[in-house]
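Convert by adding 7 to the 1-based position in the first sequence; the result is the number in my numbering. Notes for the one structure printed next.
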Amino acid sequence: MFHREKLLKNRLTVLMQESSERLDYLKDLNFTFEKPKNEDHGDLSSNIAMVLSKQLKRNPRSIAEEIISNLNLDSNIISKVAIAGPGFINFHFAHNYLSEGIKTIFEKRGDYGKSKKFFGKRANVEFVSANPTGPLTVGHGRNAVCGDTIANLLEWIGYEVDREYYFNNAGRQMRVLGDSVRLRYLELLGEQIDFPQDYYQGEYIREIAKDILKESGSVYKEESAEGIFKDRAESEIFKDIEKTLERLNIKHKIFFNENTLYEDGKIDEVLSIFKNRGLSYEKEGATWLKLSEMGNQQDKVIVKSTGEPTYRLPDIAYHITKYERNYDLIIDLFGSDHNATYPDVMAALGALGYDLEKMKVLIHQFVTISQDGEIVKMSTRKANYITLDELSDEVGADVVRYFFNMRGISTHMNFDLNLAKKHSDENPVFYLQYAHARICSIVRTVKEENLSVNLENLDLLQSNEEVTLLKKLNHFEDEVLYSAENFETNRITSYLEELAAHFHKFYTFSRILGTEKRLAEARLALAEATKIVIANGLTILGVSAPEKM
RNA sequence: GCGCCCGUAGCUCAAUCGGAUAGAGCAACAGCCUUCUAAGCUGUAGGUUAGUGGUUCGAUUCCACUCGGGCGUACCA
């Protein structure tokens with residue numbers, strides 16, 4: 008059973024085309040079906056009659072009637088067709104067809120919802136990519152969680168995914184970092200130092216200096232910032248970053264160091280390609296990229312007059328390596344503070360002939376943190392931030408993951424810390440987990456009553472609550488596919504919330520114990536199927552599915 | 001100034017390729033546990049979708065302008 012809805016849509020399209028032999032105006036039309044928001048309007052709906060109405064200068068309802076009377080419907084699949092509103096044609100599925108879905112869930116279990124549409128394709132998802140200058144903040148959390156979840160989604164639709172972290176341990180930022188540690192070290196040795204305001208103010212810098220002092224004493228008194236101080240800071244901070252991510256179940260496969268682009272000559276190679284193709288020129292001692300000829304606003308510097316490249320050149324070279332590594336899909340996820348940088352990179356890649364269709368740049372908006380009614384401005388430099396670790400400590404990994412996943416990435420998100428701490432029990436993640444734990448508990452209880460899942464009598468599931476739940480379960484695979492193709496993690500969270508709500512209603516009105524055995528076992532099948540789907544959905548989100556709460 | 005993003009219920013947010021009566025959660029109010037987990041369920045109340053115009057059978061969605069907010073706009077990354 009693969010893309011049920013799509014199969015059905017195809018089947019309906021064929022039906023429509025068949026009837027077009029009898030109705031001329033249906034020829035050469037592109038039929039679209041959609042799932043109505045309101046359940047009363049059926050399972051699939053077409054607006055075809057309204058589209059035709061203008062063209063034929065006829066009442067849409069009468070066109071709809073004519074179309075319906077010319078359809079050859081299979082009553083095993085479609086139980087009812089109706090005209091509604093201004094001229095929608097609504098199709099209702101047969102119960103048989105709906106309950107087939109439960110059987111599929113039991114066949115596939117932990118794999119239910121996966122599809123093979125992109126089987127054999129490879130994707131690279133680059134996310135987090137924070138330079139190792141300090142702990143990850145809450146702002147990075149959104150990037151980390153969404154990136155990892157998008158990678159999960161892609162895996163569910165068949166991609167083989169590499170999670171990648173790009174960093175730079177060479178630039179000015181890192182020199183300042185090393186020097187910050189050096190000064191703190193000298194300070195600990197009792198020297199009078201003047202710690203510059205634009206250096207890294209965080210307490211972690213002192214900790215690193217302390218460690219160095221403890222291990223090696225004062226031997227590094229004359230050492231430069233770029234030696235042990237920078238190296239030590241980098242490795243300590245990176246270790247912490249990985250630990251922070253691990254707490255949220257995030258693990259990158261590839262850590263790509265910008266420096267390797269210099270070492271293996273990639274930067275020079277790209278630079279000479281630009282030169283040879285006349286895409287760059289020299290002016291005032293610097294090398295400029297002709298972005299204005301590539302469709303962008305203005306030319307930009309790629310090599311400064313000092314001979315040092317700007318960030319654009321390594322960024323372009325880096326993305327070329329992604330193309331050379333033969334990915335079918337290349338995803339960059341970063342915060343809106345980078346929104347000015349990617350058009351240059353894209354334009355350059357396009358000018359070099361790379362297929363931009365393969366590359367998707369996803370930009371998430373900032374997370375504003377408010378505490379005690381005030382907005383907290385965050386800066387790593389000024390050590391004025393709330394770390395991702397602190398957030399995980401406060402509300403737990405499940406809540407952190409769920410919270411960041413439940414909003415579309417283009418929305419500006421507000422995180423009220425007081426609320427998150429105080430009302431953490433009211434977070435919707437518990438609503439889902441509770442539904443899962445509840446089903447587990449049912450399963451434990453009914454086992455003692457000698458009831459077991461039975462798929463023979465699913466036609467007994469006829470109540471509103473049962474049918475609604477059944478339909479919702481059937482949509483999962485399509486939801487995953489849609490969410491993955493559109494990189495929308497929040498669709499999964501809202502789907503699961505609706506699914507859990509349907510289940511809780513079913514639980515309230517359709518008891519299993521004390522019911523006639525055949526019906527009880529059919530209901531148990533429905534409950535267990537729901538458990539599987541909730542667990543699978545939570546797995547995609549990276550949230551745990553507890554057996555007990 | 002220019003570019004990207006956003007503006008929907010008191011608060012935080014949904015709403016499929018433009019679809020039918022704009023939906024949830026929280027907060028508020030009124031109910032439901034002597035049978036499977038009350039972290040649940042049922043009901044009430046809450047809206048000029050920032051504003052104005054346009055496109056059309058039909059607009060929260062597309063277009064233009066206005067207002068308000070965020071992030072950018074370097075020979076920093």
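Note that CB positions come from ideal geometry on N, CA and C, so glycine has one too. Note that the coordinates shown come from a computational prediction; the quantities given were computed from them, not determined experimentally.
Comparing alpha-carbon positions, which option in the options lies nearest residue i?
| i | options | result |
| --- | --- | --- |
| F494 | G360, A130, K87, E73 | A130 |
| M301 | G357, R525, I393 | G357 |
| N412 | L545, K454, N461, W295 | L545 |
| Y489 | F263, G49, F125, R451 | F125 |
| R498 | G148, D322, I112, L160 | L160 |
| L340 | V152, S299, E194 | V152 |
| R445 | M556, P43, M181 | M556 |
| Y211 | L143, E276, L268 | L143 |
| H259 | V88, F134, G521, N97 | F134 |
| G92 | V183, S53, L80 | S53 |
| I519 | D466, E486, V450, T475 | V450 |
| L363 | I337, S343, T348 | I337 |
| G224 | L196, Q469, M366 | L196 |
| F263 | P321, T475, V453 | P321 |
| L531 | N464, V487, I547 | N464 |
Start and end of the alpha helix (DSSP H) containing residue i?
| i | result |
| --- | --- |
| F513 | 496–516 |
| K61 | 55–63 |
| S86 | Per DSSP, S86 belongs to no alpha helix (DSSP H); it is in the beta strand (DSSP E), 85–91. |
| M301 | Segment: none, M301 is in no alpha helix (DSSP H) and carries neither H nor E. |
| N79 | Per DSSP, N79 belongs to no alpha helix (DSSP H) and is neither H nor E. |
Taking 6 Å as the limit between beta carbons, can you name the residues of its chain near residue i, skipping five residues before and five after?
| i | result |
| --- | --- |
| G94 | A56, M57, P67, R68, A71 |
| S136 | Y172, Y173 |
| F9 | Because the pLDDT at F9 is just 36, under 50, the model does not fix this residue reliably, and the value given afterwards should be weighed accordingly. No residues qualify anywhere along the chain. |
| E25 | none |
| E162 | V168 |
| F236 | G185, V188, R189 |
| R213 | R191 |
| I84 | A101, Y104 |
| G165 | K123, K124, F125, F126 |
| N266 | A177 |
| P553 | Q440, A444 |
If you run the structure through DSSP and keep just helix, strand and coil, what is residue i?
| i | result |
| --- | --- |
| Y288 | strand |
| Y119 | strand |
| R68 | helix |
| F410 | helix |
| L19 | helix |
| P435 | helix |
| E473 | helix |
| A293 | strand |
| T394 | strand |
| D339 | strand |
| F422 | strand |
| E41 | strand |
| H482 | coil |
| T522 | coil |
| P350 | helix |
| I280 | helix |
Are residue i and residue j touching if we call contact CB-CB under 8 Å?
| i | j | result |
| --- | --- | --- |
| Y173 | Y325 | yes |
| D238 | N303 | no |
| I541 | A507 | yes |
| G209 | G141 | yes |
| R408 | L503 | no |
| I280 | L296 | no |
| K524 | E472 | no |
| M420 | V374 | yes |
| L462 | K110 | yes |
| D396 | T251 | yes |
| F98 | D50 | yes |
The beta strand (DSSP E) that contains residue i, what's its start and end?
| i | result |
| --- | --- |
| Y172 | 167–174 |
| A130 | 129–133 |
| N264 | 261–264 |
| G209 | First-last for G209: undefined, no H or E at that position. |
| F126 | It is not in any beta strand (DSSP E) - F126 carries neither H nor E in the DSSP assignment. |
| N97 | 95–100 |
Looking only at its chain, what residues have a beta carbon closer than 7 Å to the beta carbon of residue i, apart from the 5 residues adjacent to it on each side?
| i | result |
| --- | --- |
| V550 | D405, R408, Y409, V436 |
| Q180 | N138, T140 |
| I112 | Y119, L480, A536, I539, V540 |
| I323 | V277, V352, A355, L356 |
Go through its chain and collect everything with a Cβ distance to residue i's Cβ below 8 Å, but skip five positions before and after it.
| i | result |
| --- | --- |
| T317 | K307, V308, I309, V310, K311 |
| K365 | Y330, Y334, D335, L336, I337 |
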